[in-house]
Structure formats: structure tokens, C-alpha cells
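Heads up, the thing below is written out as C-alpha cells.
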Amino acid sequence: MITAHLTDTEIQLYVAEPETISDQLKTHVQNCVDCQTNIANYQLLFNGIHNQAKPQFDFNLTNLVLEQLPEPKRAFPWAAVLISVFSVMLIASLALFFSSYIEATITSVSTVLTATAITAAVVILIFQGVEMVKNHQKQVHTLLNTKTLQL
Ligand SMILES: [Zn+2]
């Protein structure tokens, strides 16, 4: 049997991780009132720390931060509108200018060629649509993960 009392570190270990304490120390504790008292004190202390209410802000942090953030500017996309209008006008004028040639080409091209072209266009559209949906889901997923991390 050890005659020396347990050190503070040993007592803390005894309370927090009793499986790490040697049998000799356990035997000493069973026979020593001083060490048992110290252990009881540490157990009270540890329980007090564990049961302490978690600190909380008495104000809404989210609202405070959101008030500080600048308002997002929603400017009208003039450049995109101008380019779109210009493109549509260009295509329309070209179609008008070459309308007789286009009509002649469409009537002379075989049905098989037209069907092939339409099929290719549809396949490309489907692939682009699938890609767009996948991209959107990935962005939503990333956004939700970021949101969860902030909370
Ligand atoms: Zn002791």
C-alpha cells in the first residue's frame, strides 16, 4: 500500500478517467479519508462545470450582423438587354435578307437530313439541360452546407 496521498493530477484523473488509475492508487483511496474527501470535492467541481449553463448572447447576433451588411444592388442589366436586342435584330434582318435562299434550301434538303439535324439539336439541348440541373443542385448543396456551418 502507498502511504503518500494522491497528487492533484492523480485525483483529477481518478475522477475524470478512473480506468487510467493504477490498482495501488485505488487501494490507497479506499483506505484514505483525506483522498476520498479530495475526490469528492473534485467530483463536485467537475459536475458544477459540466452542469453550468452555456453562455448566450442577450442580443440577436444574426440581426446585428445583417444590419451591418450593405444592401445588394440590383442594377438593371442594360448591357445584356442591349446585346440581346442587337443579336435578335441582326438575326431577323439576316433571315429577311436571305429568306428566299433559306426557303429554297429547306425545300431542297432531304427529310432524312432535316430529321438528323433536329435530333442532334434535341440531344445537345437535353445534355445541356442535364448539365444545368446538376450544376444547380451542386450550388444549392454547397450553399446549404455553408448555411449549416454558420449556424
Ligand atoms: Zn491519501
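For reference, each letter of the sequence shown is one residue, going 106 to 256 in this note's numbering.
Every residue, glycine too, gets a C-beta built ideally from N, C-alpha and C.
The model shown is predicted, which means the values in this text are computed figures rather than measured ones.
Please confirm whether residue i and residue j have their CB atoms less than 9 angstroms apart.
i	j	result
Leu111	Asn143	yes
Gln141	Val120	no
Ile207	Ala200	yes
In the DSSP assignment, the alpha helix (DSSP H) including residue i goes from what residue to what residue?
i	result
Leu201	Trp183 to Phe202
Ala121	Asp113 to Ala121
Lys131	Asp128 to Asn136
Asn168	Leu166 to Gln173
Under a Cβ-count criterion, where at least 16 other Cβ atoms within 10 Å of its own Cβ denotes burial, should residue i be classed as buried or exposed?
i	result
Leu130	buried
Glu176	exposed
His133	buried
Ile116	buried
Give a single yes or no on whether residue i has its beta carbon closer than 8 angstroms to a heavy atom of ligand 2.
i	result
His246	For the structure depicted, ligand 2 is absent and the ligand set comprises only ligand 1.
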